[in-house]
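Residue numbers (my numbering): 53 to 223.
Data block below; observations after.
What follows is the structure, encoded as structure tokens:
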């Protein structure tokens, strides 16, 4: 398995992620203020899938983070709701974001390092044990086990994503 690090390849993977979500019968919902820890986005448009009960919001962040901010939740978007999890991917290189894209042959994966940032009190060991009890799929990359968010090139990507978000919400 190969970590995807070039700006062009990461941009294509991020585009594939957004395309997969739009194919999945997600509807757009605009909030006057999408509030998150550390700030808010005015007039934010989120993607909502009522049958899976998940939403998605994305933003490309530059200085100082240089990442794609991919955030997910489990209830219909409303003012003041909470984010369930983030799978942030660097714009380029191997920055230590929790999300990353990797490839093996013609398959492309969205993976998560299995940590939560921001003082949530949920450490990597708790997360690993929680996902392991469900036999949640992992992928090995450079000797590290990473949680599978989903295979972007699979017809089952949305189901895999839904399972990942659900498991994160249980923590």
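Just so it is clear, CB atoms sit at the ideal spot from N, CA and C, and this is done for glycine as well.
Does the distance from the CB of residue 78 to the CB of residue 120 come in under 8 angstroms?
no
From the DSSP output, read off the bridge partner residues of residue 176.
Paired residue(s): none; residue 176 is not in a bridge.
Would you report the Cα separation of residue 211 and residue 156, rounded to the nearest angstrom?
20 angstroms
By DSSP, does residue 221 sit in helix, in strand, or in coil?
helix
Quick one: is residue 90 buried, meaning 16 or more other Cβ sit within 10 Å of its Cβ, or exposed?
exposed
7 angstroms Cβ shell around residue 56 - same chain, five flanking residues per side excluded
62, 65, 153, 154, 155
Distance between residue 69 and residue 140 (C-alpha atoms, nearest Å)
12 angstroms
Using only CA atoms, which one of 99, 76, 95, 80 lies nearest to residue 208?
76
In the DSSP assignment, find the alpha helix (DSSP H) that holds residue 72 and state where it starts and stops.
59-75
Report yes if the C-beta distance between residue 198 and residue 163 is below 8 angstroms; otherwise report no.
yes
Which term fits residue 196, buried or exposed, when burial requires 16 or more other beta carbons within 10 angstroms of its beta carbon?
exposed
Use the C-beta contact count for residue 204: other C-beta atoms within 10 angstroms, 16 or more gives buried, fewer gives exposed.
buried
Applying the criterion that 16 or more other CB atoms from any shown protein chain within 10 Å of the CB defines a buried residue, is residue 71 buried or exposed?
exposed
What separation, rounded to the nearest whole angstrom, lies between the Cα atoms of residue 147 and residue 192?
18 angstroms
Of the residues 183, 194, 174, 59, the one placed nearest residue 218, counting alpha carbons only
183
Within 8 angstroms (strictly less), CB to CB, does residue 72 reach chain D?
Absence of chain D from the displayed structure is noted, only one protein chain being present.
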